[in-house]
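Heads up, the thing below is written out as structure tokens.
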Amino acid sequence: MNNTNASGALEAADTQQFLTFKLAGEEYGVGILTVQEIRGWSKVTKVPHTPEWLLGVINLRGVVVPIIDLRVKFNFASAEYNDTTVVIILTVASRVVGVVVDGVSDVITLAAAQIKPAPSLGTGADTSHIIGFGTLDERMRILMDVEKLMAGADMGLVDKAIH
Amino acid sequence: MTLDLTQFHEIFFEESFEALDAMEAALLKLSAGEVDAELINTIFRVAHSIKGGAATFAFNEVAGFTHVLETLLDQLRAGKRQVRPEIVDVLLRSGDAMRAMLVATQRKEVIDSTGVAKLRAELDRIMSESGSAAAPAAAASAPPGKPAASGDSAIPGWRIKFIPGPELLRNGNDPLRILRELATLGNLKVSVDAGRVPALNDLEPEVCCLRWNLEVHGEIDRAAVNAVFEWAESECELTIERVGGETAPASASAVAAPAPEAPAAPVQTPAAEATTRSANPDGGSIRVSIEKIDELLNSVGELVITQSVLSQLAAPLEGREAGELRSALAQLERHMRALQESVMRVRMLPISFVFNRFPRLVRDLGQRLGKKIELKVTGDTTELDKTVLEKIGDPLVHLVRNSIDHGIEMPDVRIAAGKTEQGTISLLAYHKGGNVIVEVSDDGGGLRKDKILKKALERGLVTNEVDLSEERILNLIFAPGFSTADVVSDVSGRGVGMDVVRRNINELGGHIQIFSKEGQGSTIRIRLPLTLAILDGQLARVGKEVYVVPIVSIVETIQVTRERVNAVASGGQVFRLRDDYLPIVRLHSLFDIEPDYTDLLDGLLMIVEADGKRVGLFVDELMSQQQVVIKSLETNFKQVTGLAGATMLGDGRVALILDIPGVITRFQAAPEERGVARPQAA
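Heads up: the protein sequence lines correspond to chains A and B, in order.
This note's numbering puts the first residue of the first sequence at 1, with every later residue one more than the last.
This note's numbering puts the first residue of the second sequence at 1001, with every later residue one more than the last.
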């Protein structure tokens, strides 16, 4: 499973590359190998009877791709959709999912030593999808395991059997 | 030398199963009384190649058993033994046993050796009794190995004396090609006269010294024979004369048949063999994995969408170049359609893949029940998408079984009813307006409407017996509650799992109809889409969203008038359509979207049907009808109740395809249950 290697098995590799993006003022990072492409915002088709964070589906060159708004998912103040809104298309466990973010920042390379494991944030916060915090140039990024995030009980986008 | 043979196992199994199918088909023809050397050869070839393959891969049980079978077949082939029904029977069972052994080997399970040993003993017994039985048989009639050896000359034909000139080969003419071509015209007998071939020392390789005496039999035009020799005519001596035919009685011609210049031992030329091989329908096909084809299909689908996006972009443009652009785009569209169609055709297979299993089924089941049944198959070259084919098999088996079991009467009953002793079951397939129609008919007893109605009333499937049209009564057999054991004996038995049959057909986007005349038989007609990848859809708009409603689900679309709408106590509304009261499903509230209209009088009511239930689907507006390419939602997301998938519209947007059974299920579910995944129904 190449995706797992990209984001999960950090200890195995010396350095890891992450695509970082902005989400409600914070910077997040996902393993570069899970990123298929980055594209601008286009109108989605709503799918009935789906959670609010699932904005709908788009046509990505003939493939129906669901679009998720992490800002809604993480209970951030809802943001608007305009020309500068960016969708990161991720390939997670052979599924293709689009994630709406406020903007894409950079690709960073982090050594294993630069990644600090996520502390327990108390019972209120679910941190299972956070790999750790990466610090570079005094700025902190929250590194996410996309596969775990998508496999979360409420998302159910990726079969749990994969783990 | 450590070649890994396991990589070839799958191919071996796949080819063996196909070969066994061919063998079964040939055996069934044999059992129908068609004794033909080519049939026996086919069977022999199957056994031989399976034996060879099995021995190569060290599947010793298979190879051992097949060897015994091969020995028997060899005797049949050589004409040492007559084809008798019991031999065909044993051979059929041997085919089954081989299949079972291969399946077991494939799954790495233990082979049922006792059954095999029994069959093997039976084969041995047949072979041991050979000495006595075969000899008179061979003497009594023409052995099957040499079909119609004497009867052949009775057929009119041409005797040709072909003496090539010395320059024939040098000028690029190939006598073999000529012979091969002759063999395609009819039954060719070749004898070669090699008397003029010089000693090896004097032999000039470029000079043709052979002469031929040829006889070709069949309904052949003189002109056709001449055409074969057209190129060589100037370089050879050629005499063509008519033989056999209408003037000479069969017995006389049999005597006269041998060529005057007592031919040297007739040679089976490679030419004759070549034609048999090329006549094989498998010739010139390749094996391609279904994924590759699907990939191709997807790419073409994307191209079609891109092309229609381009057309829409070009539409508002003005000026001379714009006109040229548009006509070029129109041409592109035509090419795209042609491309799409040919790619679709790649996935199509003839329906004979499904029909082929029925001769055996009819034979076996008919024999067991003591009924005499003839199976007529028409249109088995009709092509269908592979996925549809795979799913249509079981429902068809069910229908044919029903026809055999309950439709066709016992021989004595048939005679008493003034019918022929032998019943007929017909399988018919044909194209009709973008659909494939498959019909299963029998000339049996038909359905008894009075009993169906009685049963339906008993079970509470219908409440009042008045006003039920004939069609609706017949359709009662599809009702789920109808398929119970005691119905089998009471009514003419139909209805065993007919609800399952109908559900399977509906899942394929198909439609099933039943026609029956008491005492004369029944016909079940199934209408199937050509492919599952494309759907005829009606686009319907609700607010800003566009949905695709499968045309097969739509009964009609009407504008609502106030007096035909009634409110019911629970808060819902029903609509009176002729004699029925239909619940109204407001798509906008079911799917939680903002509509243009909430008043029923402003929008349109689409009457849709699924599983025998009808509802009125309220939408804002109907748009165009078009064929849409179905994309799965599950690939990247999950199944959503009420949605069959999604498709791309001409402008590149995604439109959701409604799954009418799912929509009805969701509508009927209590509000708190909505949103919970639908169980595996409908």
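The C-beta atom is built at its ideal place from N, Cα and C for all residues, glycine as well.
Note that the structure is a prediction, hence the values are computed from the model and not measured.
Query: Rounded straight-line distance, which links the Cα of L1185(B) to that of L1660(B); Result: A small correction: the amino acid at residue 1660(B) is Ile; Leu does not occupy that position in the sequence shown. Distance between the alpha carbons of I1660(B) and L1185(B) is about 57 Å.
Query: heavy atom of the ligand ZN below 6 Å from G1645(B) C-beta; Result: Although the ligand ZN was asked about, the structure shown includes no ligands whatsoever.
Query: Residue-level contact to chain A via CB, K1292(B), 7 Å cutoff; Result: no
Query: Nearest neighbour of G1616(B), chosen from L1622(B), M1623(B) and V1608(B) [CA to CA]; Result: V1608(B)
Query: Proximity winner among V1500(B), E1390(B) and E1341(B), relative to Q1627(B) (alpha-carbon distances); Result: E1341(B)
Query: Whole-angstrom distance between I89(A) and E37(A), CA atom to CA atom; Result: 5 Å
Query: Residues within the stretch 1642-1658 of chain B neighbouring chain A, beta-carbon criterion of under 9 Å; Result: G1642, L1643, G1645, A1646, T1647, M1648, L1649, G1652, R1653, V1654, A1655 and L1656
Query: Where the beta strand (DSSP E) containing S1441(B) begins and where it ends; Result: N1435 to D1442
Query: Beta carbon of F1057(B) nearer than 7 Å to that of V1116(B); Result: no
Query: Proximity below 7 Å, CB of M1623(B) to CB of R1541(B); Result: yes
Query: L143(A) beta carbon less than 7 Å from that of G29(A); Result: yes
Query: Same chain, Cβ closer than 7 Å to V1304(B), five either side skipped, listed in chain order; Result: M1336 and Q1340
Query: Beta carbon proximity, E1070(B) to chain A, threshold 7 Å; Result: no
Query: Residues, ordered as in the chain, of the stretch 65-97 of chain A that lie near chain B by beta-carbon distance below 7 Å; Result: V65, P66, R95, V96 and V97
Query: Contact with chain A by F1591(B), beta-carbon distance below 7 Å; Result: yes
Query: Pairwise C-alpha distance: R1196(B) and I1220(B); Result: 31 Å
Query: Integer Cβ distance of A1047(B) from L1073(B), believed to fall under 8 Å; Result: 6 Å
Query: Interface flag, R139(A) vs chain B, CB-CB below 7 Å; Result: no
Query: DSSP three-state assignment for H49(A), whether helix, strand or coil; Result: coil
Query: Unbroken beta strand (DSSP E) run spanning Q1538(B), endpoints; Result: I1534 to V1542
Query: Alpha carbon of A1100(B) to alpha carbon of D1021(B), nearest angstrom; Result: 13 Å
Query: Closest Cα partner of F1162(B) within the set E1233(B), V1243(B), L1102(B) and T1561(B); Result: E1233(B)
Query: Exposed unless 16 or more other CB atoms sit within 10 angstroms - verdict on I68(A); Result: buried
Query: C-beta atoms of F18(A) and I108(A) nearer than 7 Å; Result: yes
Query: T1424(B) versus R1368(B) - alpha carbon distance; Result: 16 Å
Query: Proximal residues of chain A, C-beta to C-beta of E1333(B) below 7 Å; Result: Ordered by position in chain A, no residue passes the 7 Å Cβ test against E1333(B), which lies about 17 Å from the chain.
Query: Residues of the stretch 1615-1646 of chain B whose Cβ lies closer than 9 Å to any Cβ of chain A, in chain order; Result: V1629, K1631, S1632, L1633, T1635, N1636, F1637, K1638, V1640, T1641, G1642, L1643, G1645 and A1646
Query: C-beta contact flag for L1169(B) and C1208(B) at 7 Å; Result: yes
Query: Span of the beta strand (DSSP E) around N1213(B); Result: R1211 to H1217
Query: Contacting positions in the stretch 1293-1304 of chain B - beta carbon closer than 7 Å to chain A; Result: N1298, G1301 and E1302
Query: Sub-7 Å separation of L982(B) and V1343(B) beta-carbons; Result: Chain B is shown from 1001 up to 1682; residue 982(B) falls before or after that span and cannot be answered.
Query: Separation of L1528(B) from V1548(B), as counted between CA atoms; Result: 19 Å
Query: Buried versus exposed call for T1042(B) [16 or more other C-beta atoms within 10 Å across all chains shown]; Result: buried
Query: Selection of the stretch 1541-1566 of chain B by Cβ proximity to chain A, strictly under 8 Å; Result: E1545
Query: Three-state secondary structure (DSSP) of T169(A); Result: Here chain A has residues from 1 to 163 only, and residue 169(A) is not among them.
Query: For A112(A) and A77(A), believed in contact at Cβ under 8 Å, the rounded distance; Result: About 35 Å; that fails the 8 Å criterion.
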